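If you're matching them up, the sequences are chains G and Z in order. Residues 4 to 225 (our numbering) make up the first sequence, in order. Residues 4 to 225 (our numbering) make up the second sequence, in order. Don't be surprised by glycine CBs; every beta carbon is placed ideally from N, CA and C. Nothing here was measured: the structure is a model prediction, and the numbers come from that model.
Protein chains: 2
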Amino acid sequence: MNTMNQTILNAFNFRYACKQFDPKKSVSKEDFDTILEAAHLSPSSFGFEPWKIIVLQDAETKKKLYSIAWGAQNSLKGASHFVIILARKKFDTIYNSNYITHIMKDIQHMPNNVASDRREKFKRFQQVDFNLLESERAAFDWASKQTYIVLANMLTAAALLGIDSCPIEGFNRESVDRFLADEGLMDEKHFGVSVMAGFGYRGEAPHREKTRQPLSDVVIWK
Amino acid sequence: MNTMNQTILNAFNFRYACKQFDPKKSVSKEDFDTILEAAHLSPSSFGFEPWKIIVLQDAETKKKLYSIAWGAQNSLKGASHFVIILARKKFDTIYNSNYITHIMKDIQHMPNNVASDRREKFKRFQQVDFNLLESERAAFDWASKQTYIVLANMLTAAALLGIDSCPIEGFNRESVDRFLADEGLMDEKHFGVSVMAGFGYRGEAPHREKTRQPLSDVVIWK
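Written out as structure tokens, the structure reads:
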């Protein structure tokens, strides 16, 4: 087996949900920049990047988050970097929003006629194909799905660099939304919390072997 | 900058949504096995792996999918490997389901008391923290989010191997669900279609430079 295949398998085997980070070890600026760039270059549906990433370093703010995010406590204590990924709400992701116009015009630099066709396609996708406009939640969860690509790419970049991580859904969404709004970190009209992650270096041996269903239970060839 | 940082950045820059695959080029078995293993080792909430992966190779079946999946047509024509990722429905992911019991007992090998604590925690997570049981859709979209980690890891593993890919949301969910059920590829009680992807080698130059919002619009440091 050649080197890159093995490098990939090693990284995915190295990664586990780190429960105890070594608080004395920091991820270097160069490495964290690489992890952020993996997030930044992540694909998203129609290229709309419906997300924002908070890198939380302030001790006081972390302390307040602690009690409403049970799954984040180990990362808040020991991880070198703590990240909260936000997803955009329907207000921003609906086909005729200012945000979608901004991305097509200012970021993707589409000529007007191309943008107009694209918006029509996106409208049909939202209204018909994925039925995303039926509720605030359906639209938000769609944007949130895109953020799980960001999450995965950050975890994988970290693992390739020998950096541990912990993906985190263990928090009360409503409380965290309110907290982030109160702290001035998020405008609830545009964003909601999607998922979190800690990055650093393990201060433990992994608790147990990685367990997975047999590949034959997961993959169907036809 | 050391080699691994550069390797990661190169891979994320190499990846783009390939619109035209070279139908004469195939991904080797070794490489596709690595891509599948990246999927297989993907993390999921509570480790419940609420997904299944269909590798679709049969020409007749592909032809039938063609008309209900506009975003998949280029991949169905030219990609070496075509993948449909399914997500599990509430029937399987609700805290007291047979599926959850199966994973905790047969895969994660948890002792009864550990599994029982875990199930209580998962129940509270579903009922309170993420309010996932409010609808079939909310529960399904949560499982679907986990499949976007699988998707991302397959795309990244491919990119690291110099293999092109195209992530695909361009299809009618209802039609594809019915199609997969009719083909005997999916039991609608347990699964729904989440997302698709093609893998192969580009038969085109990428249409345009990768566009992204400036990192400063996407990342908040606090």
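{"query": "Cross-chain neighbours of residue 3 of chain G in chain Z, by beta carbon under 9 Å", "result": "Because chain G spans 4 through 225 in this model, residue 3 of chain G falls outside it and cannot be assessed."}
{"query": "Assigned exposure category for residue 187 of chain G - 16 Cβ within 10 Å defines buried", "result": "exposed"}
{"query": "Residue(s) in a DSSP beta bridge with residue 91 of chain G", "result": "G/194"}
{"query": "Under 7 Å from the C-beta of residue 147 of chain Z: neighbouring residues of chain G", "result": "148"}
{"query": "Assigned exposure category for residue 116 of chain Z - 16 Cβ within 10 Å defines buried", "result": "exposed"}
{"query": "Alpha carbon of residue 218 of chain G to alpha carbon of residue 194 of chain G, nearest angstrom", "result": "37 Å"}
{"query": "Residue 57 of chain G - containing beta strand (DSSP E), residue span", "result": "54-59"}
{"query": "Contact under 8 Å by Cβ, residue 25 of chain G with residue 203 of chain G", "result": "yes"}
{"query": "Classification of residue 205 of chain G by the beta-carbon crowding that lies within 10 angstroms, buried from 16 upward", "result": "buried"}
{"query": "Residue closest to residue 132 of chain G, alpha-carbon to alpha-carbon, out of Z/181, Z/174, Z/119", "result": "Z/174"}
{"query": "Residue range of the alpha helix (DSSP H) that includes residue 144 of chain Z", "result": "139-163"}
{"query": "Given residue 78 of chain G as reference, the closest of G/23, G/128, G/159 once Cα atoms are compared", "result": "G/23"}
{"query": "Bridge-paired residues (DSSP) for residue 128 of chain Z", "result": "The partner list for residue 128 of chain Z (beta bridge, DSSP) is empty, contrary to what the question assumes."}
{"query": "Contacts of residue 16 of chain G in chain Z (Cβ-Cβ under 8 Å)", "result": "44"}
{"query": "Within chain Z, partners of residue 94 of chain G - CB distance below 7 Å", "result": "Per Cβ cutoff of 7 Å: no residues; residue 94 of chain G is ~17 Å from chain Z at best."}
{"query": "Under 7 Å from the C-beta of residue 41 of chain G: neighbouring residues of chain Z", "result": "11, 15"}
{"query": "Start and end residues, beta strand (DSSP E) containing residue 78 of chain Z", "result": "First-last for residue 78 of chain Z: 76-81, but that is the alpha helix (DSSP H), not the beta strand (DSSP E)."}
{"query": "Residues near residue 210 of chain Z in its chain [Cβ-Cβ closer than 8 Å; skip 5 each side]", "result": "22"}
{"query": "Listed by chain order, chain G residues near residue 112 of chain Z by CB distance under 8 Å", "result": "214"}
{"query": "For residue 167 of chain Z, the three-state DSSP class (helix, strand or coil)", "result": "strand"}
{"query": "Close-in-space but distant-in-sequence residues of the same chain around residue 2 of chain Z (CB under 8 Å, 5 per side omitted)", "result": "With chain Z represented from 4 up to 225, any question about residue 2 of chain Z goes unanswered, as that position is not in the structure."}
{"query": "Same chain, Cβ closer than 8 Å to residue 213 of chain G, five either side skipped, listed in chain order", "result": "16, 19"}
{"query": "According to DSSP, residues forming a beta bridge with residue 85 of chain Z", "result": "Z/59, Z/201"}
{"query": "Given 8 Å, three or more beta-carbon pairs between the segment 138-155 of chain Z and the segment 86-103 of chain Z", "result": "yes"}
{"query": "Close Cβ partners of residue 48 of chain Z (< 7 Å) along its chain, the five nearest in sequence each way excluded", "result": "149"}
{"query": "Within-8 Å CB hit, residue 209 of chain G to chain Z", "result": "no"}
{"query": "Beta bridge counterpart(s) of residue 224 of chain Z as assigned by DSSP", "result": "G/58"}
{"query": "The segment 123-132 of chain Z / the segment 96-111 of chain Z touching (three or more Cβ pairs under 8 Å)", "result": "yes"}
{"query": "Neighbouring residues, chain Z, relative to residue 79 of chain G (Cβ below 9 Å)", "result": "Near residue 79 of chain G there are no residues of chain Z at all, since even the closest Cβ is about 13 Å away, more than 9 Å."}
{"query": "For residue 24 of chain G, the residue or residues it bridges with in DSSP", "result": "G/205"}
{"query": "Run of the alpha helix (DSSP H) containing residue 43 of chain Z, from where it starts to where it stops", "result": "32-43"}
{"query": "Span of the alpha helix (DSSP H), counted from its first residue to its last, around residue 182 of chain Z", "result": "176-185"}
{"query": "Closer than 8 Å to chain Z by CB, residue 200 of chain G", "result": "no"}
{"query": "8 Å CB neighbourhood of residue 113 of chain Z in its chain, flanking five on each side removed", "result": "107, 121"}
{"query": "Validate contact between the segment 67-76 of chain Z and the segment 168-182 of chain Z using beta carbons, cut 8 Å, 3 pairs", "result": "yes"}
{"query": "Partner residues on chain G for residue 58 of chain Z, Cβ-Cβ distance less than 8 Å", "result": "222, 223, 224, 225"}
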